[in-house]
Amino acid sequence: MTFYITEALLDGLNLQPGSQIGIFDIDPGTGAQICVGAASVTQIISPSTYLEMIASMNDGSVPGQSNGFTPGNPFIFKFICQSGVLIEQVNYSFPYPGYNQVFASLGSAIVNLSGTSPVSNQQFINLNQGWT
616 MTFYITEALL DGLNLQPGSQ IGIFDIDPGT GAQICVGAAS VTQIISPSTY LEMIASMNDG
676 SVPGQSNGFT PGNPFIFKFI CQSGVLIEQV NYSFPYPGYN QVFASLGSAI VNLSGTSPVS
736 NQQFINLNQG WT
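The numbering of the sequence shown is the numbering used here, which starts it at 616 and goes up by one.
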């Protein structure tokens, strides 16, 4: 399946060159997420400078183990930004109607991506001397 990424944002800003985008599916046998496609970002992504990605379909060559996507399953996208931080909360939308919105054999999808950085649950507060 071919994906055309026409926008990739992280916290509302363009995903920077050196970042990576991964496409994942759920292995029906194990329930684990498996990577079915990936690409490196080499320039700012836009409708005129889209990123083309290929995802592999499960071919059934390994009994009991998926080696690609299952048709009909929803997409899962992830970013690894150039600093190495894994972004697992990536939403997607379809800017143009008429293309596949789930995994499909020989399918194609035009997708906009928007990720959100993880929020740390730690907060550091400087205390005045004598406070603990």
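Yeah, the Cβ is synthetic: ideal placement off N, Cα and C, and Gly gets one too.
Computed from a predicted structure; not experimentally measured.
- One thing to note: Leu728 has its Cβ within 9 Å of the Cβ of Val705.
- Between Pro643 and Thr685, the gap from beta carbon to beta carbon is short of 9 Å.
- Distances from the alpha-carbon of Phe690 to those of Ser698, Gln716, Asn629, Ser681 put Gln716 closest.
- From the listed residues Phe618, Gln744, Ser732, the smallest Cα separation to Phe694 is found for Ser732.
- The alpha carbon of Thr657 has as its nearest neighbour, out of Ser708, Asn688, Ser681, Gln635, the alpha carbon of Gln635.
- For Asn673, no pairing in a beta bridge is given by DSSP.
- A direct Cα-Cα distance of roughly 13 Å separates Gln631 from Leu666.
- In this structure, Phe639 sits away from Ile725, with a CB-CB distance that is not shorter than 9 Å.
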